[in-house]
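As C-alpha cells, the structure follows; a few thoughts come after it.
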Amino acid sequence: MKHIHPVFDQILGREDKERMLEQRGCALWFTGLSGSGKTTIARHVEQALAGKGVLTQVLDGDNIRTGINNNLGFGEEDRVENIRRIAEVTKLFVHCGIVTLNCFISPTREMRQMAKDIIGADDFVEVFVDTSLEECEARDVKGLYRKARAGEIPNFTGIHEDFEAPINSDLHLKTEKKTVNHCVKEVLGFLDLRSRL
Numbered sequence: 001m002k003h004i005h006p007v008f009d010q011i012l013g014r015e016d017k018e019r020m021l022e023q024r025g026c027a028l029w030f031t032g033l034s035g036s037g038k039t040t041i042a043r044h045v046e047q048a049l050a051g052k053g054v055l056t057q058v059l060d061g062d063n064i065r066t067g068i069n070n071n072l073g074f075g076e077e078d079r080v081e082n083i084r085r086i087a088e089v090t091k092l093f094v095h096c097g098i099v100t101l102n103c104f105i106s107p108t109r110e111m112r113q114m115a116k117d118i119i120g121a122d123d124f125v126e127v128f129v130d131t132s133l134e135e136c137e138a139r140d141v142k143g144l145y146r147k148a149r150a151g152e153i154p155n156f157t158g159i160h161e162d163f164e165a166p167i168n169s170d171l172h173l174k175t176e177k178k179t180v181n182h183c184v185k186e187v188l189g190f191l192d193l194r195s196r197l
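Sequential numbering from 1 applies to the sequence shown in full-length UniProt numbering.
What follows is the structure, encoded as C-alpha cells:
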C-alpha cells in the first residue's frame with residue numbers, strides 16, 4: 001500500500017458536486033428475495049425521480065455480475081466480496097451527489113451492515129422488499145426457483161440458504177398487499193420526509 005497515493009483532497013469535493021446537481025446523494029439499498037420486486041420498484045422510482053430532475057443510478061445484481069463482478073461465484077466469500085465491491089462503487093456515486101438505487105438480495109444482516117458501514121449511515125437507506133418465498137416462487141420470472149429446486153443452481157437464497165430479514169429497516173414494503181405504484185409513492189414519500197434529496 002506504500003505506493004498508493006490517494007488524491008481525494010485534490011479533486012472536487014462532494015459539496016461542490018451536489019451544488020452543481022442541486023441534489024443530495026444517497027443510497028437506497030433494496031433487499032429481499034429473488035423475485036420480490038426490488039429492481040421493478042427501483043426502476044419505477046428512477047423514472048419518478050427523473051421526472052423531478054433528480055439524477056440516479058440503478059445498480060442491479062445481474063448487471064453487476066456481468067461486469068465488475070463477473071469473476072465472482074456464489075459461495076459465501078464471493079457473495080460477501082460482491083456486496084463489498086458494490087458498496088464501494090455506491091459510495092463513489094453518492095459522493096458525486098447521485099441517488100443510487102441498489103437492488104441486491106444481500107441475504108445476511110452482516111452483509112447489509114458492511115454495506116452501510118462502507119457507504120456511511122447518514123447516506124444509507126435500507127428498503128426491505130418483503131415478499132414471501134411462496135409468492136416469489138410463484139412469480140419465478142427468471143425460472144431460478146425451478147432450477148434451484150431441480151438442483152441446477154446451488155446455494156440459492158430461499159431454497160438452500162436462509163434470507164435474514166431486516167429487523168429495523170428504514171422502509172418496509174409489503175409487496176403482496178401493495179401495487180408497484182403504491183410502493184413507489186412510499187419510497188418517494190420517505191425521501192421527501194427525510195429531506196434525502
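For glycine and all other residues, C-beta sits at the position ideal for the given N, C-alpha and C.
As the structure is a computational prediction, the values presented were derived from the model and not from experiment.
_So for alanine 150, helix, strand or coil by DSSP?_
Within the sequence shown, the letter at position 150 stands for residue 150. DSSP places alanine 150 in coil when its eight states are reduced to three.
*Reducing DSSP to helix, strand and coil, say where glutamine 23 ends up.*
On the sequence shown, position 23 is the one that residue 23 refers to. It is coil, neither helix nor strand.
*asked:* Please determine whether the Cβ atom of isoleucine 86 lies at a distance below 8 Å from any heavy atom of the ligand FAD.
replied: This structure simply doesn't include the ligand FAD, nor any ligand for that matter.
_Quick check on proline 107: buried or exposed, where buried means 16 or more other Cβ atoms within 10 Å of its Cβ?_
Here residue 107 is taken as the residue at index 107 of the sequence shown, counted from 1. With 16 or more Cβ atoms within 10 Å of its Cβ, proline 107 is classed as buried.
_For the segment 94 to 110 against the segment 16 to 35, do three or more pairs of beta-carbon atoms, one drawn from each stretch, fall closer than 8 Å, so that the two count as touching?_
Between the segment 94 to 110 and the segment 16 to 35, the count of C-beta pairs closer than 8 Å reaches three or more; the two stretches touch.
*Thinking C-alpha only, which one of Ile118, Thr40, Glu126, Asp122 is nearest residue 216?*
In this structure the chain extends from 1 to 197, so residue 216 is not present and cannot be described.
*Considering asparagine 155, what are the terminal residues of the alpha helix (DSSP H) in which it resides?*
Position 155 of the sequence shown, counted from the start, is the residue given in the question as residue 155. Counting along the chain, asparagine 155 falls outside any alpha helix (DSSP H), and DSSP gives it neither H nor E.
*Whole angstroms is fine: what's the gap from residue 203's alpha carbon to lysine 17's?*
In the structure as shown, the chain starts at 1 and stops at 197, and residue 203 therefore has no counterpart that could be examined.
*Can you tell me the Cα-Cα spacing of valine 129 and lysine 91, whole angstroms?*
Within the sequence shown, the letter at position 129 stands for residue 129. Within the sequence shown, the letter at position 91 stands for residue 91. Rounded to whole angstroms, valine 129 to lysine 91 spans 22 Å at the Cα level.
*Leaving out five residues before and five after threonine 40 in sequence, what residues of the same chain have Cβ atoms less than 7 Å from its Cβ?*
Sequence index remark: in the sequence shown, residue 40 carries index 40 (1-based). Once the five neighbours on either side are set aside, the close Cβ partners of threonine 40 are Val180.
*Take isoleucine 161 and list the residues in its own chain whose beta-carbon comes closer than 7 Å to its own, dropping the five residues that flank it on each side.*
Looking up residue 161 in the sequence shown gives position 161. Going by the sequence as given, residue 161 is glutamate instead of isoleucine. Closer than 7 Å at the Cβ level, and outside the excluded window around glutamate 161, lie Pro107, Asn155.
*asked:* Taking the straight line between their C-alpha atoms, what separation do you get for alanine 87 and isoleucine 64?
replied: Numbered from its first residue, the sequence shown carries residue 87 at position 87. Numbered from its first residue, the sequence shown carries residue 64 at position 64. One C-alpha to the other measures close to 12 Å.
*Can you check DSSP and say which residues form a bridge with asparagine 102?*
Sequence index remark: in the sequence shown, residue 102 carries index 102 (1-based). Its beta-bridge partners are Trp29, Leu59.
*Let me know if methionine 20 comes out buried or exposed under the rule of 16 or more other beta-carbons within 10 Å of its beta-carbon.*
Taking the sequence shown and counting its residues from 1, the one referred to as residue 20 is at position 20. By the neighbour-count rule (16 or more Cβ atoms within 10 Å), methionine 20 is not buried but exposed.
*What are the boundary residues of the alpha helix (DSSP H) that residue 251 is part of?*
With the chain running from 1 to 197 in the structure shown, residue 251 is simply not present.
*Using the C-alpha atoms, what's the distance from leucine 12 back to alanine 148?*
By one-based count along the sequence shown, residue 148 stands at place 148. By one-based count along the sequence shown, residue 12 stands at place 12. Approximately 47 Å between the Cα atoms of the pair.
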